[in-house]
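Residue numbers (UniProt numbering): 1 to 274. All C-beta atoms in this analysis are idealised placements derived from N, C-alpha and C, irrespective of residue type, glycine included. This one's a predicted model, so the numbers in the text were calculated from it and none came from an experiment.
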């Protein structure tokens, strides 16, 4: 009996665990079952820059994780990526779609920062390596293609355990990566506003940066809509800003600075300079 393409791809993948071709074979395995435009394999670390371990992208698609945009995401903007935040804030693992985990205003809030990707749909796996490290397999479609179907997502979910086991074995065989560059990006987010905002205002500020709407913030914090509006008004008054988009733009500008000092409230520094 001839083996089908799926079985052959799985055998090839298994045979290349612990080799430099593993991620390429993982791409081939996914391609047998799913139609997608890009596969990114990233390593997230709570106190280090995100690492791009592998990238596959179809020619002719608007999926340019290159040059300046690549640098901005990998060294700074990843801190606001819903997949990164799901691992960092909630310790989640497994398979998720961007639609189910992204804050309700993430798409509109971040359109000017992530529109270079021209995303149609995005799904991904989170495989924890240890308490501070996570392997993220990010699979995307671009342009005028359809979103992943419910059948696709069911198949992705069925593959969680076997793919995670193979990835864990691969990482164990490859050993520790010595190229990790430690950074203060996560620290910069967690300290943003802590010195000049009240506890509640700080919580609202953090949720605004992640792309949550006023209504969603009220639900998350179990406070009223008008109370959230009051906290937002106080935040903007203290920071000389006038909107969520301006707050986000300021934070991203700060992220792009050459150095980020540890345990410093960069929002407080900005306010003092005004």
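Measure the alpha-carbon distance for residue i versus residue j and round it to whole angstroms.
i: residue 62; j: residue 38; result: Confidence at residue 62 is low in this model, with a pLDDT of 43, below 50, so the placement of that residue should be treated as unreliable; the coordinate-derived value is given next. Their backbone Cα atoms lie some 10 Å apart in a straight line.
i: residue 8; j: residue 32; result: 10 Å
i: residue 95; j: residue 138; result: 10 Å
i: residue 231; j: residue 147; result: 37 Å
Leaving aside the five residues before and after residue i along the sequence, list all residues of the same chain whose C-beta is less than 7 Å from its C-beta, in chain order.
i: residue 216; result: 103 and 104
i: residue 13; result: 25, 26, 29 and 166
i: residue 242; result: 236
i: residue 182; result: 47 and 48
Is residue i helix, strand or coil when you go by DSSP?
i: residue 20; result: coil
i: residue 234; result: helix
i: residue 136; result: strand
i: residue 107; result: helix
i: residue 124; result: strand
i: residue 195; result: coil
i: residue 97; result: strand
i: residue 39; result: strand
i: residue 51; result: strand
i: residue 87; result: helix
i: residue 211; result: coil
i: residue 251; result: helix
i: residue 44; result: strand
Suppose contacts are defined by Cβ-Cβ distances below 9 Å. Is residue i in contact with residue j by that definition?
i: residue 193; j: residue 267; result: yes
i: residue 42; j: residue 50; result: yes
i: residue 196; j: residue 152; result: no
i: residue 110; j: residue 211; result: yes
i: residue 214; j: residue 199; result: no
i: residue 45; j: residue 83; result: no
i: residue 208; j: residue 247; result: yes
i: residue 126; j: residue 159; result: no
i: residue 187; j: residue 133; result: no
i: residue 79; j: residue 98; result: no
Only counting the same chain, and skipping five residues up and downstream in sequence, which positions put a Cβ closer than 8 Å to that of residue i?
i: residue 144; result: 120
i: residue 170; result: 17, 18 and 22
i: residue 34; result: 139, 148, 152, 155 and 156
What does DSSP give as the partner residues of residue i in its beta bridges?
i: residue 141; result: 121
i: residue 57; result: 38
With a threshold of 6 Å on Cβ separation, who are the neighbours of residue i within its own chain once the five nearest residues in sequence on each side are excluded?
i: residue 6; result: 32
i: residue 254; result: 266
So is residue i in contact with chain C if we call contact Cβ pairs under 9 Å?
i: residue 185; result: Among the chains of the structure shown, chain C does not appear; only one protein chain is present.
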